[in-house]
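Student: Chains as they are written, first to last, in my numbering: chain A, 1 to 345; chain B, 346 to 690; chain C, 691 to 1035.
Heads up, the beta-carbon is just placed ideally off N, CA and C, and yes, glycines get one too.
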């Protein structure tokens, strides 16, 4: 029996993505009941979570299923990631075995693993999630890896449709923001890919040194073009960036070039605190009405000012809510026992 | 749509409290089935828990619902509490956003946050729980804050009724006990308020320096008077305290006056190890039959002797069990879809 | 009302063990539905877990129940184990009270507590699990103690039957393996007892200094004899050990003799890295087809080589899966409301 993982948005065909977004909208309107009875999702968190954990646990429960939450190194064993490792160190269990065993207990496996180590050439391979996917014979869902956060991307696409209606050709600005830490690029890459899939005009604004992984940039460009949109400019100025934006996606991320050189990266980043979404910058969006998105958690008054987050342009809470509905649709598609309308119950 | 929080026992009118206690008794007798189907309670624990967590998780499950347990700083993000904070430090997410988002996933939110910082004037404002309540559009339940533990108070009231029958005018003695740490005053204040609501005669026994927050003492006095009881004496002697007691509530708490001065407080407390409930002291309760209450966890042979805890006067385990039933009633009232008798299923 | 604990496999009569194994096989074939509706299992983990936690949580859910997971010292209070302790130190709650209270919330209690302290004469008493069992008025299930891991033993017995068919008289080899840490003897003792209960010929292979607790060895011998098998040899050579084996159970454990002397034990262990199951050693099993068992987590290329674990002889993943089915049967027997066939639903 073949199984279907969900490791990146680009795993979905255009028809599949449309199907998922349509199902998510129906789920949100309360039209779908049950479908996950006796189903178990095991979630392995190698990094913290609030939204992902709560929304998946709730999603499983609302449709009759159950989610188990495992935190290796805390309540669970520390996992080894290297193939062929001679395991005489601190790691107690190999991912290979954890993946196989969890596949026997659960119907699907969710894995969160942020980038590790000091070599981007290694981290960008997403070895942890890929090893889980390779060795687990049940669907594996990426709950955020070094490269991708596809569940966030699904919610982002759903939110863009909900808020902007016909999105094709509208302008999506992904703008870098300052942050005290060098964060992963999974969310910005995934969000831009989501907007690209919807046929939007993509602008990526970031300071010098904060280019995304070149392969991701190329994929965003190609994806936009295929969907009838484009990747217009990649500019270097936090003010120009927002002109005419229909949607502004604020996100901080660390320099891929300086990955593994934290002091150098921090020094480079130090001069960039001005990259912050302020009320005055917001006014340059289309008619001053561009929606403001963020995956959360957000550093208030560092990435985005309180006035923006608490103002009428912000859709960040709706966006977070859509995690729940997008994931309900995803789970129903991946492991559901057939979707029933609420009226057919 | 308005929502109803449960932050303190005093939020309930006399009729509401009676209603809750009556429902809790029916729940305990097994008369109520279901009522929380498809409902989710998200619990945010900033401090450890055994009873609260297990009893709420069980309560939700028994009526068809589900509880999600979040521990910020462990499996979840560290939360910021200051309004308007420029979040360039260690805190990853602001309570404002966590409250809003959790309100989208869950039908109610429970929050535990013990007092923090070294200034009682600040800690006593209960900013964490109040900020959650202000920004979450679903009911927020206090799972113990700096000032109140109303779920414990509900269980305490239920236990007093169960064990003493007609409680009006009977004597409730809250007695301080020594403990190696300076603990919060939420439980003693809440327990005394619960007994006061029931119209009991309240005695608070504690060493000099261990007065409760003056506003709490005033509220206990006023509450007792309104219910036909009184706050009789606040005495300074662990032996005299128990004379004629129908119920003895043993609890340690830290000095409010010396809050934020741990060395000074510890020195003051050092001489007070004699404040401990012993079998001989128990004999001075009414007919030697006064019931012994404690919210647990209890330091055995430090707050209360083994012989008392394991003897016939102790009702601490029944009291802990009543947490479950009181909270089932509370959840049914706050977010239940209508109470069905077991026979109507 | 009497209650039934499950602290060790030897608690079960021959008929009870057969009943459990038969029920586990039916459960695995999908013949049993429901039976744990409105039932709660509270699991107290004093040590980490992946399989035990996930399989029990899944087991409860699949039959309509719910498992609560508590981790004292992390999300829950630190527990005191000494009877009569004057609790003025770091421990916040006594097991006596935790056991009593959890027995009010839950229908059964699971407890995991590895050996502690530096005196085997003390650790071997399994005080933690026994204190829980003594003071909780609901069934207590041993999730692995210093001495026993009976849920693993059940899954081991189920796996041996499944893979070897008629097991009486077949050869079960428990072989020690090197490991960077001195591990508990609960699994090897329990696995050998399980095989002994099935009437197998037991071989225990281990280096000098790694004898099991003498009482356990005596019990294994007596159990094997009563079931028509025997404890043949206890040999000192990792190659000879496997000759003619139908099943090889690989496991590392620490020296009981040097318990509490970690430096001495580590020095003694240092020369024993050759005790590892390699493909060439596997060839000396009966027809080269001996099955390879391990309770997991396994140190790859330290206890067992990748080629063995990933090869056709390994049954470790089936063995882990059987934890789930064995525990479903156990829970149905201990707290189930009556077993229904799937067809009778």
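Short of 8 Å in beta carbon distance, which residues of its chain neighbour residue 525/B, apart from the five on each side in sequence? Order them along the chain.
Tutor: Taken in chain order, the residues that qualify are 644, 647.
Student: Which residue marks the beginning of the alpha helix (DSSP H) containing residue 128/A, and which one marks its end?
Tutor: From DSSP, the alpha helix (DSSP H) with residue 128/A extends over 127-135.
Student: Kindly indicate which three-state DSSP category residue 866/C falls into: helix, strand or coil?
Tutor: Residue 866/C: strand per DSSP, three-state reduction.
Student: Rounded to whole angstroms, what is the Cα-Cα separation between residue 49/A and residue 784/C?
Tutor: Spanning the two alpha carbons is a distance of roughly 32 Å.
Student: Output needed in chain order: residues of the stretch 986-1013 of chain C with a Cβ under 7 Å from some Cβ in chain A.
Tutor: Taking 7 Å as the Cβ-Cβ cut-off against chain A, the residues of the stretch 986-1013 of chain C that qualify are 986, 987, 988, 989, 990, 991, 992, 996, 1007, 1010, 1011.
Student: Any idea which residues DSSP pairs residue 110/A with across the strands?
Tutor: Residue 110/A is bridged to 43/A, 141/A.
Student: Thinking C-alpha only, which one of 183/A, 148/A, 178/A is nearest residue 192/A?
Tutor: Selected option, being the one with the closest Cα: 148/A.
Student: How would you call residue 280/A, buried or exposed, if buried means at least 16 neighbouring beta carbons within 10 angstroms?
Tutor: Residue 280/A comes out exposed.
Student: Please tell me whether residue 48/A has its Cβ less than 9 Å away from any Cβ of chain C.
Tutor: By this cut-off, residue 48/A is not an interface position.
Student: Name the residues in the stretch 64-77 of chain A whose C-beta lies less than 9 Å from a C-beta of chain C; which are they?
Tutor: Result list: 65, 66, 68, 69, 70, 72, 73, 74, 75, 76, 77.
Student: Is there a C-beta anywhere in chain C that falls below 9 Å from the one on residue 361/B?
Tutor: By this cut-off, residue 361/B is not an interface position.
Student: Can you tell me the Cα-Cα spacing of residue 308/A and residue 316/A, whole angstroms?
Tutor: Straight-line Cα distance between these residues: approximately 11 Å.
Student: Please classify residue 15/A: is it buried, with 16 or more other beta-carbons within 10 angstroms of its beta-carbon, or exposed?
Tutor: Flag for residue 15/A reads exposed.
Student: Am I right that residue 496/B and residue 675/B are in contact with their C-beta atoms under 8 Å? What's the rounded C-beta distance?
Tutor: Their Cβ separation, rounded to whole angstroms, is 7 Å, which keeps residue 496/B and residue 675/B in contact under 8 Å.
Student: Using the beta-carbon count (16 or more within 10 Å), is residue 1/A buried or exposed?
Tutor: With a pLDDT of 46 at residue 1/A, under the threshold of 50, the modelled position of this residue cannot be trusted; read the value that follows with caution. Exposed, since its Cβ has fewer than 16 Cβ neighbours within 10 Å.
Student: I believe residue 590/B touches residue 630/B by the beta-carbon criterion, under 8 Å. Please report the beta-carbon distance rounded to the nearest angstrom.
Tutor: Residue 590/B to residue 630/B, Cβ: 4 Å. Contact.
Student: Nearest to residue 623/B by CA position, among 658/B, 605/B, 577/B, 532/B, is which residue?
Tutor: For the residues 658/B, 605/B, 577/B, 532/B, the minimum Cα distance to residue 623/B belongs to 658/B.
Student: I'd like to confirm the pairing. Which residues does DSSP put opposite residue 941/C in its beta bridges?
Tutor: Residue 941/C is bridged to 866/C.
Student: Can you check whether the CB of residue 586/B is closer than 9 Å to the CB of residue 550/B?
Tutor: Contact flag set, yes.
Student: Taking the beta strand (DSSP E) that residue 408/B belongs to, which residues open and close that run?
Tutor: Unbroken run through residue 408/B: none, as it is neither H nor E.
Student: Tell me the rounded alpha-carbon separation between residue 718/C and residue 938/C.
Tutor: Distance between the alpha carbons of residue 718/C and residue 938/C: 24 Å.
Student: Find the residues of chain A that neighbour residue 438/B, judging by a C-beta separation of less than 8 Å, and give them in chain order.
Tutor: Near residue 438/B (Cβ distances below 8 Å), the residues of chain A are 50, 296, 297, 298.
Student: Determine the extent of the alpha helix (DSSP H) in which residue 230/A is found, giving its start and end residues.
Tutor: Counting along the chain, residue 230/A falls outside any alpha helix (DSSP H), though it belongs to the beta strand (DSSP E) covering 230-235.
Student: Looking only at its chain, what residues have a beta carbon closer than 6 Å to the beta carbon of residue 464/B, apart from the 5 residues adjacent to it on each side?
Tutor: For residue 464/B, where only same-chain residues beyond five positions count, the Cβ hits under 6 Å are 605.
Student: Going along chain B in order, which residues have a C-beta closer than 9 Å to the C-beta of residue 774/C?
Tutor: Going along chain B in sequence order, the residues near residue 774/C (Cβ under 9 Å) are 645, 646, 651.
Student: Ordered along the chain, which non-local residues of its own chain (more than five positions away) have a Cβ less than 8 Å from that of residue 334/A?
Tutor: So the list reads 4, 6, 108, 139, 141, once near-sequence residues are dropped.
Student: Identify each residue in the stretch 178-211 of chain A for which the Cβ-Cβ distance to at least one residue of chain B is less than 7 Å, and report them in chain order.
Tutor: Result list: 180.
Student: In chain order, what residues of the same chain lie with their CB nearer than 7 Å to the CB of residue 396/B, ignoring the 5 residues before and after it?
Tutor: Here the set comprises 641, 665, 668.
Student: Distance, Cα to Cα, residue 822/C vs residue 777/C?
Tutor: Between residue 822/C and residue 777/C, the C-alpha separation is close to 18 Å.
Student: Tell me whether residue 1035/C sits in a helix, a strand or coil according to DSSP, three-state version.
Tutor: Reliability fails at residue 1035/C, whose pLDDT of 44 lies under 50, so the model's placement of it is uncertain and no value is given.
Student: Which of the residues in the stretch 376-389 of chain B, read from start to end, lie with their CB under 8 Å from any CB of chain A?
Tutor: Listed by position along the chain: 383, 385, 387.
Student: Using 8 Å for Cβ pairs, my map puts residue 293/A next to residue 159/A. What's the rounded Cβ distance?
Tutor: Between residue 159/A and residue 293/A the Cβ distance is about 7 Å, and since that is below 8 Å, they are a contact.
Student: What residue range is occupied by the uninterrupted alpha helix (DSSP H) comprising residue 847/C?
Tutor: Looking at the DSSP string, the run of the alpha helix (DSSP H) that includes residue 847/C is 840-854.
Student: Shorter than 9 Å from the beta carbon of residue 504/B to some beta carbon of chain C?
Tutor: Closer than 9 Å: no.
Student: Please return the same chain residues whose Cβ sits closer than 6 Å to the Cβ of residue 410/B, not counting the five positions on each side in sequence.
Tutor: Around residue 410/B: 381, 384.
Student: If we ignore side chains and look at the alpha-carbon of each, how far apart do residue 105/A and residue 748/C end up?
Tutor: Going from the Cα of residue 105/A to the Cα of residue 748/C covers about 7 Å.
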